[in-house]
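Chemist: Just so you know, we're using the numbering used here here: the sequence shown kicks off at 188 and counts up by one.
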Amino acid sequence: MILYCVTGRRARGLLRGRSPSAFGRAQRQPACAGRRAAVCYNGVSFNTENGVTTPLPIPRGEPVNPKLWIGVLISAVLLWLSAKDVDFQRAWEHVEKINAIYLIPYLALVAAEVVVRAARWQVLLAPVKRCSFQKLNSATLIGLMANNVLPARAGEFVRAYVGGRMEQIPFSTCFATVVIDRLLDGLIISAIFILAVVLRPVPDFVKAPGYAAAAVYLVALGFLFALLVRETATLRLAGFVLRYLPARFGAFAVGVLQTFVHGLHVLRSAQLLLLAIALCVGVWIVYALTFHVMWLAFGIPLSLVDAFLVLSIVSIAITLPSTPGFVGTMQAAIVFSMGFLGIDQSQAFAFAVVYHIFQYVPITLGGLIALWLERLTLGEIASAPTGVEA
């Protein structure tokens, strides 16, 4: 995640691409009321002027930022690696043999993914405002759709922007809860990975990145606890440590920390925190069930424990830069993880493609419908002001 601010006309020079999520470099200066500034999250740049958050206009006729092409290249390479040894005739035969009756509960689970995520976000926002579940559900669906159609995982920024617009909540508050939301996801998926590798033997080279990710999230959890107990002392210690980082990384860390601390201020209730964690566990149980149900449709003899293992590997893989919708990263992670579980590559590839399609299409269509029902458009998300104090 990235949260930088810049002042003056330089904000308009940040963007290097046509899309609303093109990357830009930011100068490390604080934004304040009455001055034009910008924040950038995963390459999505917004102005803040007089306390109002507004997406930056997109320059025309400029080359696409090379960072976006890196994602395209990674997706292409991983998609090729997952498909290069596939017997496509056999893969198609596996698709033809799908038991379509299982697609009904699968699609119900896809809908449940959105509902449980929205419920968790409602809990995180509860100390700020009693929000409409319907509006948060729409904003969540729109954010997931944005991840499918915009580069650089812009959906989290879009979700905060749309949710704040619908509920008239400051963008910074909405975005802070999204940061906490994603941290909870990371902690839970790390715990799932560790539990899965204990119950299901996997190659050592698979364990290493999973353990590394778990270590990062455990450190974050410790830092979270310290902030909750001794905020001032913890921030003072963090400031001391950050002074020794290179300026670029120090500014990045300061931006993240400021947003993170803001998020903690809206979640001081232990009861709400426990409820949010419980809903987070629910989210990942639903995702694991989508794998298990689709395996039943394909007649693949893998267990629910295997589903949690594959899910955790996929979740780590899709953090890599990629095209919108995680094309390539998702297929490679599924084929790879199902391969060491003993599934033929052709069948695993067929499964990966069908699984991804039945995730991508309903979410994307649902998000576009939610935009229409809320009388929003993709253009408005890219260019309209929130009208809400930041």
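We put the CB at the ideal spot given by N, CA and C, even for glycine.
#1: If you check the beta carbons only, do residue 335 and residue 511 fall under 8 Å apart?
#2: Here's the rule I'm using: 16 or more other beta-carbon atoms within 10 Å means buried, otherwise exposed. How should residue 209 be labelled?
#3: What three-state label does DSSP hand residue 324 in the structure shown?
#4: Closest to residue 473 by C-alpha separation, out of 291, 299 and 290, would be which residue?
#5: What is the rounded straight-line gap between the Cα of residue 423 and the Cα of residue 363?
#6: Taking the straight line between their C-alpha atoms, what separation do you get for residue 321 and residue 355?
#7: Taking the alpha carbon of residue 444 as the reference point, which residue from 508, 531, 421 and 310 has its own alpha carbon closest?
#8: What are the start and end residues of the alpha helix (DSSP H) that includes residue 513?
#9: Considering only the beta carbon of each residue, do residue 350 and residue 509 sit closer than 8 Å?
#10: With DSSP run on the structure shown, which of helix, strand or coil describes residue 314?
#11: In whole angstroms, what is the alpha-carbon distance linking residue 558 and residue 325?
#12: Run through DSSP, which three-state label would residue 308 get?
#13: Measure from the alpha carbon of residue 292 to the alpha carbon of each residue in 410, 483, 494 and 539, then state which is nearest.
#14: Locate the alpha helix (DSSP H) running through residue 253, then write down its first and last residues.
#15: Can you give the Cα-Cα distance for residue 381 and residue 255, rounded to whole angstroms?
#16: Buried or exposed: which applies to residue 548, given that a residue is buried once 16 or more other Cβ atoms fall within 10 Å of its Cβ?
#17: Mapping the DSSP letters down to three states, classify residue 505 as helix, strand or coil.
Modeler: So, from the listed chains and residues:
#1: yes
#2: Residue placement at residue 209 is poorly supported in this model, since its pLDDT is 34, which falls under 50; the coordinates are not used for a value here.
#3: helix
#4: 299
#5: 20 Å
#6: Distance between the alpha carbons of residue 321 and residue 355 is about 15 Å.
#7: 421
#8: Where residue 513 is concerned, there is no enclosing alpha helix (DSSP H), given that its DSSP letter is neither H nor E.
#9: No, they are not a contact pair.
#10: Residue 314: coil per DSSP, three-state reduction.
#11: If you take the alpha carbons of residue 558 and residue 325, they lie about 8 Å apart.
#12: In the displayed model, residue 308 falls within a helix according to three-state DSSP.
#13: 483
#14: 253-270
#15: 32 Å
#16: exposed
#17: Here residue 505 sits in coil by DSSP.
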